[in-house]
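All remarks here apply to the structure that follows.
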Amino acid sequence: MTLSPTQTAVDLDEPASLLLRSATRDVHERAESTGFVQNLMGGHLDVRAFAALAAQHTAIYAALEAAGDRIRENPVGAGLVFDELRRGDALAADLTALTGMIGPDHREPIAVLPETLLYVDRLDQIGDDVVAYLAHAYTRYLGDLSGGQVIKRMMQRHYGLTEDGLAFYTFERIEKIPPFKERYRAAMDALPLTVADRERLVDEARLAFDLNVAVFGGLGRLHPAGDRAAE
Ligand code: HEM
14 MTLSPTQTAV DLDEPASLLL RSATRDVHER AESTGFVQNL MGGHLDVRAF AALAAQHTAI
74 YAALEAAGDR IRENPVGAGL VFDELRRGDA LAADLTALTG MIGPDHREPI AVLPETLLYV
134 DRLDQIGDDV VAYLAHAYTR YLGDLSGGQV IKRMMQRHYG LTEDGLAFYT FERIEKIPPF
194 KERYRAAMDA LPLTVADRER LVDEARLAFD LNVAVFGGLG RLHPAGDRAA E
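Take our numbering: the final residue in the sequence shown is number 244, and no numbers are missing along the way.
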């Protein structure tokens, strides 16, 4: 995959949290405005499409959290791995709940997309590289703690979901999200990073966004708008 060219000037002296935010602003916008995300958020899809997203998340978070388990063993990276963020159990519960909501005629097995396998492949390559882990963990977890909360409300509004099927977006072990995000940012900013590390951090985070955009592209092909299943 070719990396999206950076469109914003990046100040490598900034703390990692600010650096990542400014260096991924344009790719964040692209991720937010993909057809699949827009259609899902606009209520033009159905629970099947949302279940398909949860199935991709299941594969992605298994790989991300396996990387987290390795990084936890590294004294430099240990402070970046938070048990309260782990999503594996929540995703398993969501997939069961969502599959149960899909009418039996539409309950075909949910495929893990080739784009997701590519993403998982990249996550598997993290090994014990703290910089690469941070780029991927930031992209997913801070996103889930931010836009994820908006997604949760939209899924409730448009698809009649309550809490069942939305455990992924509910961080039961985090009492208040804003101070937790600040703790997460402080942990990022405490890492000793060279200029070369910072450059790699930015490139890997932008790649992480691109990999997410590719997954949305695959989901969009399987779930175009207007394909709403009668449930
Ligand atoms: C429906 C789609 C999305 C919406 C509505 C959305 C919305 C938001 C909002 C409002 C924030 C700012 C929160 C704050 O300032 O504290 C945010 C932050 C963030 N989002 Fe998204 N987002 C979406 C999709 C995504 C996707 C697909 C990703 C990546 C996979 C992502 C990754 C992030 C990250 C990493 C942050 C943290 C930025 C920072 O403070 O450093 N978002 N999002």
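Heads up, the beta-carbon is just placed ideally off N, CA and C, and yes, glycines get one too.
What's the C-alpha gap between Leu214 and Tyr151? Cα to Cα, the separation comes out at about 10 Å.
So for Ala227, helix, strand or coil by DSSP? In the structure shown, the three-state DSSP call for Ala227 is helix.
Leaving out the 5 sequence neighbours to the left and right, which residues in its chain are closer than 7 Å to Val40 when beta-carbon positions are compared? Ser17, Arg219, Phe222 and Asp223
Should the stretch 163 to 174 be regarded as contacting the stretch 52 to 65, the criterion being three or more beta carbon pairs within less than 8 Å? Segments in contact, yes.
Report yes or no: do three or more beta-carbon pairs, one from the stretch 47 to 58 and one from the stretch 92 to 106, lie closer than 8 Å? no
For Val133, which three-state DSSP category applies? helix
Run the CB neighbour count on Val143, radius 10 Å, all protein chains shown included, and call it buried at 16 or more, exposed below. buried
Count the other CB atoms within 10 Å of the CB of Val50; is the residue buried (16 or more) or exposed (fewer)? buried
Whole angstroms are fine: how far does the CA of Val228 sit from the CA of Glu128? 5 Å
For Asp202, which three-state DSSP category applies? It is helical.
For the pair the stretch 177 to 196 and the stretch 155 to 165, tell me if three or more CB-CB distances fall below 8 Å. yes
Which residue spans inside the stretch 102 to 183 form an unbroken alpha helix (DSSP H) run of at least 4? 127 to 137, 143 to 150 and 160 to 172
Please determine if the stretch 190 to 202 and the stretch 113 to 122 are in contact, where contact requires at least 3 C-beta pairs separated by less than 8 Å. no
Leaving aside the five residues before and after Leu25 along the sequence, list all residues of the same chain whose C-beta is less than 6 Å from its C-beta, in chain order. Val208 and Arg211
How would you label Ala91, buried or exposed, when you count the other beta carbons within 10 angstroms and need 16 or more for buried? exposed
Taking 7 Å as the cut-off, is the CB of Ala103 close to at least one heavy atom of the ligand HEM? Distances from the CB of Ala103 to the heavy atoms of the ligand HEM are all 7 Å or more.
How big is the Cα-Cα spacing for Asp216 and Ala75? 23 Å
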